[in-house]
Amino acid sequence: MEDSLRHKGMRRQLIEELKAKGIKSAAILDAFDATPRHFFLDLAFINQAYSNTAFQIGAGQTISHPYTVAFQTELLDIKKGTKVLEIGTGSGFQTSILCALGAKVVSIERQRELFQKASRIIKALGHNPKLFFGDGYKGRIAYAPYERVLVTCGAPFVPEALLEQLVVGGILVIPIGEGDKQIMTKITKVSATEYEQQTYGDFSFVPMLERTAK
Ligand code: SAH
1216 MEDSLRHKGM RRQLIEELKA KGIKSAAILD AFDATPRHFF LDLAFINQAY
1266 SNTAFQIGAG QTISHPYTVA FQTELLDIKK GTKVLEIGTG SGFQTSILCA
1316 LGAKVVSIER QRELFQKASR IIKALGHNPK LFFGDGYKGR IAYAPYERVL
1366 VTCGAPFVPE ALLEQLVVGG ILVIPIGEGD KQIMTKITKV SATEYEQQTY
1416 GDFSFVPMLE RTAK
C-alpha cells in the first residue's frame, strides 16, 4: 500500500484536529504522523481514513476513533522502552502507535482473522511487538509484569489477571461498562494490594468478550 502526499496531508489535518481536541503530547502527535492509518482500513474506507471516526475492520469489530487512541495513549504516559500489554489488537493501529512511541508491546486479540491481518500490517510497518491470538481476560503471564496495561474494548468489570500482572506503580487504562457507553478509567497500582482510580468521561467501545472466538 502506498503512503502518498495526499495521505500525508490528510494526516497533518487529523493531527491539527487532535490538538484542537486537547491532545498535547508532541511524541503522540509525531507517532500519528508516522503511522499511516489508511493501511489499517479496508479499501472501501481508505478515503475517509483520516476523519475522526470508527470503521468496520472485519469480524464485526471496529478500529477506534483516532481521538480515542490518542486519549488512551496520553493516559498511559509511555516512555521509550515502557513495557505495555494491550488487550484487543483489532486493526493493529493502536499497537503501531505504541510501537512508534518506543514501547515494548505485547498485544492480544480474540478474533483470529483480525490477529492475522494486524500481524501482517504491523510487521510491514517495521514494528516488532509480540502478538497473540488469545483471551485478554487472562492477560499474558509469560511476559508479566507490565508497566502499563491498555484495554481497547469495553470491559464489564476489571479483570483480576490484568491487575495482578501490573507492576507496583503501573497504570491500567480501561473503558468500563456494558452497553453503548463505557467510562474511561485509569487505575494506578500504588502497592501490591492498593489501587487508585480516576475517571475521564464516556467513550464507546465494542465489548470485551470472554474466550477466543470460534
Ligand atoms: N486497538 C484496536 C481496537 C479494536 S476494537 C484498534 O486500534 O483497531 C477492540 C478489539 O478487542 C476487537 O478487535 C475485539 O475482537 C477485541 N477483543 C474483545 N474482547 C477481547 C478479549 N477478551 N481478548 C482479546 N481481544 C478482545
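Going by my numbering, the first residue of the sequence shown is number 1216, and it counts up by one from there.
We treat Cβ as the ideally placed atom computed from N, Cα and C, and that holds for glycine.
Any idea if residue i is buried or exposed, counting beta-carbon neighbours within 10 angstroms, 16 or more meaning buried?
i	result
V1366	buried
Q1331	exposed
P1281	buried
I1323	buried
A1370	buried
K1404	buried
Q1263	exposed
P1422	exposed
A1241	exposed
E1217	exposed
A1235	exposed
E1301	buried
L1329	buried
V1321	buried
G1305	buried
Measuring CB to CB, does residue i end up less than 9 angstroms from residue j?
i	j	result
L1291	V1299	yes
S1311	I1278	no
F1247	L1258	no
T1414	K1396	no
R1325	A1428	yes
A1376	I1356	yes
A1249	A1318	no
I1391	V1373	yes
R1363	I1389	no
L1381	Y1361	yes
L1424	C1368	yes
Q1287	Q1309	yes
F1255	A1333	yes
Taking the continuous alpha helix (DSSP H) assigned at residue i, which residues delimit it?
i	result
P1281	P1281 to L1291
K1332	R1327 to A1339
For residue i, does the three-state DSSP call read helix, strand or coil?
i	result
I1238	coil
Q1380	coil
F1420	coil
S1311	helix
M1399	strand
L1256	coil
G1369	strand
G1351	helix
E1231	helix
K1429	coil
K1223	helix
E1324	strand
E1411	strand
Got a sec, what are the start and stop residues for the beta strand (DSSP E) residue i sits in?
i	result
Q1276	Q1276 to I1278
R1363	Y1361 to V1366
L1316	Premise fails: L1316 is in no beta strand (DSSP E) and is neither H nor E.
E1301	K1298 to I1302
I1305	Going by the sequence as given, residue 1305 is Gly instead of Ile. Where G1305 is concerned, there is no enclosing beta strand (DSSP E), given that its DSSP letter is neither H nor E.
Q1271	F1270 to G1273
Confirm the yes/no value for this check: CB of residue i, any heavy atom of the ligand HEM, distance under 8 angstroms.
i	result
G1303	The ligand HEM is absent from the structure shown, which contains only the ligand SAH.
Is the shortest distance between the beta-carbon of residue i and the beta-carbons of chain D less than 9 angstroms?
i	result
E1328	Protein chain content of the structure displayed is limited to a single chain, and chain D is not contained in it.
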